[in-house]
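Okay, so the sequence shown: first residue is 764 according to this note's numbering, each after it adds one.
Below is one structure, written out as structure tokens; comments come after it.
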Amino acid sequence: MAIADDLDLATYCKETAEKAQAASRILGTVSGQTKNDWLRASAAALRSSFESIAEANEKDIANAPQYGLTDAQIDRLRLTKDRVEGIAAALEEIAMFPDPIGATIESSVRPNGLAIQKIRVPLGVVFFIYESRPNVTADAAAICVKSGNAVILRGGKEAMHSSQAIVSILQQQAAEFGIPADALQLVSTTDRAAVGHFLKLNEYIDVAIPRGGEGLIRRVSEEATMPVIKHFAGNCHVYIDQAANLDMAVQITVNSKCHRYGVCNAAESLVVHKAVAEKFLPQIAEAFSAEGVEMRGDSVTCSIVPTAKEATEEDFGAEYLGPVISVKVVDNIDEAIAHINKYSSKHTESIVTENLAASRKFSAQIDSSAVMVNASTRFNDGGEFGLGAEIGISTDKFHARGPCGIEALTSYKYIVMGEGHVRK
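In structure tokens:
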């Protein structure tokens, strides 16, 4: 695929979106079996094409220093044989999930004999803007096509050659199964202005999904003329109730915070009931010290844990994405819920308690996409929820919330069957 930098950008973007819309109308009628066959054939083709994928990936690795990528970011960009195998296996897993398109959500027969069905349908065209991880290219293409949607993929310039190699293979296999190649298109220009052009094309694009830093997501939300599925940040909380098993509380808190720092479902804030603060905070401070995590707490926390730093107002709302956590001691569960709902990014919150009434109250009153009871925040994930690969985790309430798998990329319509019915 040629890089489109030399083309008139507005024309290129419009033509890409037009082709995606035309492809989406055909794709919506493709059988589930055909889509599954394409996914399995694509997985096999990715495995057999490892050498060509690796060659393309080496170009991205060679260019990485000029983009200022860290060693960790370069490692995430690198495609080894095992990682390509992981990409292929993910496609095969998506093939195992039921096809949602055409499924009947509910049906009824009216007193006048009209038969009404509510059936699941694709959204249409997805514009997906994402970070520079080549595996996301394959995951997003697979999820969108499986759910009957055409997708326009706008990946980072750092992975352009790798993504092109992957999309080319998927398109070649699509043609073998009668799936329009334009159902999955990679934006072939690295010009950032292209995103702005695509966001104006709401007559062709049905939904935009940004996956990346807060700056990108805010830009997309402000400029998009179509609905956006998004989450701005992941300020996730763990609340230690007065009825908590404290050994369990330490394990859950450490896992929520330290399992991986740079992910959206990592805990950034700890809330502790005052009845257990004197006993729990020294325990968790010792565990955090072993992990190199800095605690920033309120006055009560600092009086119990001498090594804790005084928290600011900004700390309680921060997404650190690193070894820092805010800590707040509260008088009761109502104060905990109020604090969390004030500072949370509506992503994931967890309560550790052996009191059923407390867990029910917390679950009912916390306004986030997922609430964990005696479990780590790290479980808010499409794979962990049994949804397979996800295209993102939404903190919105319309149209999707939480991990967005195949079904989240569908809508519905009504099919009404009559026998000459006319309304009187």
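Every residue gets a Cβ at the ideal spot worked out from N, C-alpha and C, and that includes glycine.
Just so we're clear, the structure is a prediction, and the values are computed from it rather than from any experiment.
Just the C-alpha distance for residue i and residue j, rounded to the nearest angstrom, thanks.
i       : j       : result
Gly1025 : Ile879  : 47 Å
Ile766  : Thr952  : For Ile766, the predicted model reports a pLDDT of 45, less than 50, meaning its position is unreliable; a value from the coordinates is still stated below. Rounded to the nearest angstrom, the two C-alpha atoms are 5 Å apart.
Arg1059 : Thr1116 : 23 Å
Met764  : Val930  : Confidence at Met764 is low in this model, with a pLDDT of 41, below 50, so the placement of that residue is unreliable and no value is reported for it.
Lys1187 : Ile992  : 42 Å
Glu869  : Gly1181 : 17 Å
Leu877  : His1162 : 29 Å
Phe860  : Ala903  : 15 Å
Val771  : Arg788  : Contrary to the premise, residue 771 reads as Asp rather than Val in this sequence. Roughly 26 Å separates the two Cα atoms.
Glu1054 : Glu1073 : 20 Å
Ile882  : Tyr1175 : 5 Å
Pro740  : Leu1009 : One cannot answer for residue 740 here, as it falls past the ends of the chain, which runs 764 to 1187.
Ser984  : Ser1108 : 16 Å
Gln935  : His1184 : 47 Å
Ala956  : Ala1012 : 47 Å
Lys1037 : Gln948  : 55 Å
Asn1104 : Ile1129 : 6 Å
Ile837  : Phe940  : 35 Å
Thr1070 : Ile1047 : 12 Å
Ala835  : Arg1023 : 13 Å
Asp945  : Thr900  : 15 Å
Lys777  : Gln784  : 11 Å
Met989  : Glu966  : 9 Å
Quick one: residues in its chain with C-beta nearer than 6 Å to the C-beta of residue i, no 5 flanking neighbours on either side, listed in chain order?
i       : result
Thr1140 : Cys999, Ser1019, Asn1028, Ala1030, Thr1111, Ser1113
Tyr830  : Glu921
Gly911  : Leu790, Gly791, Ile864, Pro885
Phe890  : Ile915, Phe961, Ile968, Ala971
Using a C-beta cutoff of 7 Å, does residue i count as contacting chain B?
i       : result
Gly1060 : Of the protein chains in the structure, only one exists, and it is not chain B.
Among the options, which residue has its Cα nearest to the Cα of residue i?
i       : options                            : result
Pro1166 : Ala1138, Ser1132, Thr1173          : Ser1132
Val1087 : Cys1021, Leu840, Met989            : Cys1021
Ala971  : Asn799, Gly919, Leu886             : Leu886
Ala905  : Lys782, Ile850, Gly918             : Ile850
Pro863  : Glu1182, Tyr1177, His994, Gly1168  : Gly1168
Val1136 : Glu1170, His1184, Val1035, Ala1007 : Ala1007
Glu977  : Asp1010, Lys1124, Ala996, Tyr1106  : Ala996
Ser1089 : Ala1053, Ser1126, Arg981, Val1034  : Val1034
Asp1159 : Ile1067, Pro973, Asn1095           : Pro973
Pro897  : Thr1070, Ala785, Lys822            : Lys822
Ser1157 : Ala1121, Ala1071, Asn1095, Ile980  : Ile980
Val888  : Leu1172, Val1179, Ile1178          : Leu1172
Ala817  : Leu842, Gln1014, Ala827, Pro874    : Leu842
Check for me: the beta strand (DSSP E) holding residue i runs from which residue to which?
i       : result
Ile882  : 878 to 885
Pro973  : 970 to 974
Ala1133 : 1133 to 1136
Arg917  : 913 to 917
Ala851  : Taken as a continuous stretch (DSSP letters only), Ala851 belongs to no beta strand (DSSP E), being part of the alpha helix (DSSP H) at 844 to 858.
His1036 : 1030 to 1036
Can you tell me where the alpha helix (DSSP H) holding residue i begins and where it ends?
i       : result
Thr900  : 897 to 909
Glu977  : 977 to 986
Arg788  : 772 to 790
Ala817  : 813 to 826
Tyr1106 : 1096 to 1106
Thr1016 : 1009 to 1021
Glu966  : Here Glu966 belongs to no alpha helix (DSSP H), and DSSP marks it neither H nor E.
His924  : 923 to 939
Val1026 : No alpha helix (DSSP H) holds Val1026; DSSP gives it neither H nor E.
Ser1122 : 1119 to 1128
Ile837  : 834 to 840
Glu1076 : 1076 to 1079
Provide the residue(s) that pair with residue i in DSSP beta bridges, ordered along the chain.
i       : result
Val1087 : Glu1057
Pro1166 : Ile1156
Tyr1177 : Lys881
Cys1065 : DSSP lists no partner for Cys1065.
Ser1113 : Val1001, Met1135
Asp948  : In the sequence on display, residue 948 carries Gln and not Asp. Answer is Ile915.
Ile892  : Arg917, Pro973
Ser870  : Gln880
Val1039 : Beta-bridge pairing links Val1039 to no other residue.
Which same chain residues end up closer than 8 Å to residue i when comparing Cβ atoms and leaving out the 5 residues on each side of it in sequence?
i       : result
Asn773  : Looking at the sequence shown, residue 773 is not Asn but Ala. Answer for Ala773: His960, listed in chain order.
Gly1146 : Ala1152, Glu1153
Val1063 : Lys1037, Ala1040, Val1092
Gly1085 : Tyr1024, Gly1025
Apart from the five residues on each side of it in sequence, which residues of its chain come closer than 7 Å, Cβ to Cβ, to residue i?
i       : result
Asn799  : Ala858
Ser895  : Leu840, Gly918, Gly919, Glu921, Ala922
Ile932  : Ser805, Ala808, Leu809, Ser812
Ser815  : Ala928
Tyr1083 : Glu1031
His1102 : Val1034, Lys1091, Val1093
Asp1097 : none
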